[in-house]
Amino acid sequence: MDTLSYKTQSATPSTIVKKWVVIDATDLVLGRLCSEVAKILRGKNKPDYTPNMDCGDNVIIINAEKVKLNGGKMEKREYLRYTGYPGGQRTFTPGDLMKKSFGVTVKGKHPLFIKVVKGMLPKTKLGAKQLTNLHVFNGSEHPFADKNPVVLDFNKIK
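Start counting at 1 in the sequence shown, then tack on 287, and there's your number in the numbering used here.
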């Protein structure tokens, strides 16, 4: 056997091919959807996955307002943040973030999806760069039609 055939091939910036993927979030569970989105953003679904490179695809999620959470978690679950001042601990629910998403000034940045997916990515500069490849819209329209995105059926991923 030739020992050179066993070399591990790592992705380089010249060999990385980034696609655009559209996922319809209608009637999908938030956590299960976001875990698959995090895998796509990192590139773990590709055979040439390299942990230290941004080899993931760009993901567009449409119909984000139709996503669901099981067991009444939309109002019962609480997220925490801290302002930095004494007594500055604030709580908010996924329902609060969903309401906030309708008034977002930067289109494509849905606060609930950003919060959930950010927790599933690495806490490094690379994770922050991979999070910029996520675009989430409440309606079925998105401005990335010129990128020729591939429609991904979430039910076939399972």
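Where a beta carbon is used, it is the ideal one built from N, C-alpha and C, also for glycine. Only a predicted model underlies this, so the values are computations on that prediction, with no experimental measurement involved.
Contact between Ile348 and Ala312 holds, since their C-beta atoms are separated by about 5 Å, short of 8 Å.
With contacts defined by Cβ atoms closer than 8 Å, Lys305 and Asn339 do not form a contacting pair. Restricting attention to beta strand (DSSP E) runs no shorter than 3 residues, the stretch 348–435 encloses them at 366–369, 376–379, 421–423, ordered along the chain.
The secondary-structure analysis by DSSP pairs Val437 across a beta bridge with Val308. Per DSSP, Lys326 is one residue of the alpha helix (DSSP H) stretching across 317–329. With respect to the 8 Å criterion, Asn420 and Gly343 are classified as neighbours on the basis of their beta carbons. When DSSP states are grouped into helix, strand and coil, Asn345 belongs to the strand group. In this model, Lys355 and Cys321 are separated by some 12 Å (Cα to Cα).
CA-to-CA, the gap between Thr380 and Pro300 works out to about 39 Å.
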